[in-house]
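In this note's numbering, the protein residues as written are 1153 to 1370. Each remark here refers to the structure printed beneath this line.
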């Protein structure tokens, strides 16, 4: 169990963070509405199937919730490729490239043309603003994992669920998929122990530059 700051300061921080998420999430949704609608139309025209992909994800304290993303794969795509990759990544069975970074799935045939663009620009994550407005997620926090990942987590990995998951976080701005799994966990725990409005704002602003540079997206 991760020990967070106690007392009134922690209570005030959480109340303020929730209010910031609600107000900023609503404002971001309004600003992003043209992008959301354009992306949805492009997905519908590009391939058959629903616009949204709604997997079950693990939230705060290990509680499951329905996460919203734009669909970036064909509807008949097998989920086993990603599940096998992530399972090996968590267990430390994925090799490294010459630069020491974990090998990634490239040229995935399951990804649609529009889906590839959405992933590279991180626009596939934009519908998670719905989760922020619902209170399932925060703007900033550890990324939510999927149930099959949670099942093979070690106990210390699960400590990242001590807070609400976020659309972006320290892991994304440091290196995203270029960071190893255990380094990702360490970054998430660092955020949990040191979270503050200053850190949240820093991560939000840095996320803009990371998205524009398409750093670590695939």
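Just so it is clear, CB atoms sit at the ideal spot from N, CA and C, and this is done for glycine as well.
According to the DSSP assignment, residue 1279 belongs to no beta strand (DSSP E), since it is labelled neither H nor E.
Per DSSP, the unbroken beta strand (DSSP E) holding residue 1217 starts and ends at 1216-1218.
The C-beta separation of residue 1173 from residue 1222 comes to about 21 Å, leaving the pair out of contact by the 8 Å criterion. Its chain contains 1291 as the residues whose beta carbon lies nearer than 7 Å to that of residue 1176, once the 5 sequence neighbours on both sides are disregarded; these appear in chain order.
Membership of residue 1268 in any beta strand (DSSP E) is not indicated; the residue belongs instead to the alpha helix (DSSP H) covering 1265-1272.
Residue 1362 places its beta carbon 8 Å or farther from that of residue 1319.
Note that the stretch 1332-1339 touches the stretch 1306-1324; at least 3 beta-carbon pairs, one per stretch, sit closer than 8 Å. In the same chain as residue 1316, and ignoring 5 residues on each side of it, the C-beta atoms closer than 7 Å to its own belong to 1211, 1212, 1289, 1290 and 1293, in chain order.
Taken through DSSP and simplified to helix, strand or coil, residue 1177 comes out as helix. When Cβ pairs closer than 8 Å are counted between the two stretches, the stretch 1227-1241 is seen not to touch the stretch 1177-1191, the count staying below three. Here the alpha carbons of residue 1207 and residue 1296 stand approximately 11 Å from one another.
Counting the other CB atoms within 10 Å of its CB gives residue 1350 a total below 16, which places it among the exposed residues.
Taking C-alpha positions only, residue 1347 is separated from residue 1307 by approximately 21 Å.
In the three-state reduction of the DSSP assignment, residue 1225 falls in the strand class, which pools E and B.
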